[in-house]
Amino acid sequence: MKLSKEPLIGKEAIAERIAALAAEIAADHSGAPLTLIGVLKGALPFTADLMRLLPGDVTLDFVRARSYEGAASSGRVLMHYMPEVEIRGRNILLIEDILDTGRTASVILGELRALEPAQLHLVALLDKPARRVIRVEADYAGFTIGDDFVVGYGLDYSERYRHLPAIYVLEEDAP
Ligand code: IMP
Ligand code: MG
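Here our numbering is used: the first residue of the sequence shown is 1181, the next is one more, and so on.
Okay, here's the thing in C-alpha cells:
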C-alpha cells in the first residue's frame, strides 16, 4: 500500500472548508453554549482546528469507540470511553473524522442521546455516502468523497499516517 502522490484534499482546502463549517455552526448556535465531543483518535486534528474557530461558550471532551469486525463482519461497535462533561440539557456537537458505513456514528449518537442532551448534532469532515449501511446523516459535512480509503489529517491505516497535514488516498501497490 502506498500514498497517492498528490493529496486528495490539500491542507489549504481543509482549512478553508473548516472555516466555512465553523461559520455555519456558529451562526446556527447564535451564542448558545456548545459542548464539543470529538471521536478519538481520528477526529483529533479536525476537533482542534474547528474548536479554535468557534466563538463563545465552548466545552470540549472526547469519546472513543471501537469496532470489532467479527468473522461474520457484523462490525459491532462498542463504546470505549465516554465523556466526563455534562451532556444532559446541553447542546452537543459530535465531531467525526469520517462517515463510512455509519455504524460508529450511529452507536455514539445513540449513547449520547440516552444522556438527554438538549440538542445533538453531528459534524463529519468526510462523508462516504456510497458505503453507508446504517442510515445516519451529518448535520454538517466537510467533503463528500468516493469509495477510496483515505489517510492523513487524523485518519489512519493500522495507526499510521494520522500526523499528515493533508488527506491522501491509500493505493494498492502495482502488481
Ligand atoms: P463507520 O463506522 O464504518 O462509519 O466508520 C467509522 C470509522 O472507520 C472511522 O471513524 C474511521 O476510523 C474508519 N474509517 C472509515 N473509512 C476510513 C478511511 O477511508 N480511512 C481511514 N479510516 C476510515
Ligand atoms: Mg481508524
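Glycine included, each C-beta is placed from N, C-alpha and C at the ideal position.
Residue i Cβ short of 7 Å to the ligand IMP heavy atom set
i, result
"I1288", "no"
"G1326", "no"
"L1335", "yes"
"S1184", "no"
"V1265", "no"
"S1338", "no"
"I1278", "yes"
"R1268", "no"
"G1332", "no"
Buried or exposed by the 16-neighbour rule on C-beta atoms within 10 Å, applied to residue i
i, result
"L1258", "exposed"
"Y1261", "exposed"
"G1282", "buried"
"R1270", "buried"
Close-in-space but distant-in-sequence residues of the same chain around residue i (CB under 8 Å, 5 per side omitted)
i, result
"A1207", "none"
"Y1337", "M1181, F1329, V1331, L1350"
Cβ-based neighbour list, residue i, same chain, cut-off 6 Å, excluding 5 preceding and 5 following
i, result
"S1286", "I1314, V1316"
"S1210", "none"
7 Å Cβ shell around residue i - same chain, five flanking residues per side excluded
i, result
"A1223", "I1275, E1276, D1277, G1334"
"P1309", "T1324"
"A1298", "G1269, R1270, N1271"
Residues bridged to residue i (per DSSP)
i, result
"Y1337", "R1340"
"V1331", "Y1348"
"I1198", "BP columns for I1198 are empty, so no partner."
"K1191", "Partner(s): none; K1191 has no beta bridge."
"M1259", "A1245"
For the region 1230-1241 against the region 1276-1291, do three or more pairs of beta-carbon atoms, one drawn from each stretch, fall closer than 8 Å, so that the two count as touching?
No, the region 1230-1241 is not in contact with the region 1276-1291.
Do three or more CB pairs link the region 1310-1326 to the region 1187-1197 at distances below 8 Å?
Contact between the region 1310-1326 and the region 1187-1197 is established, with three or more Cβ pairs separated by less than 8 Å.
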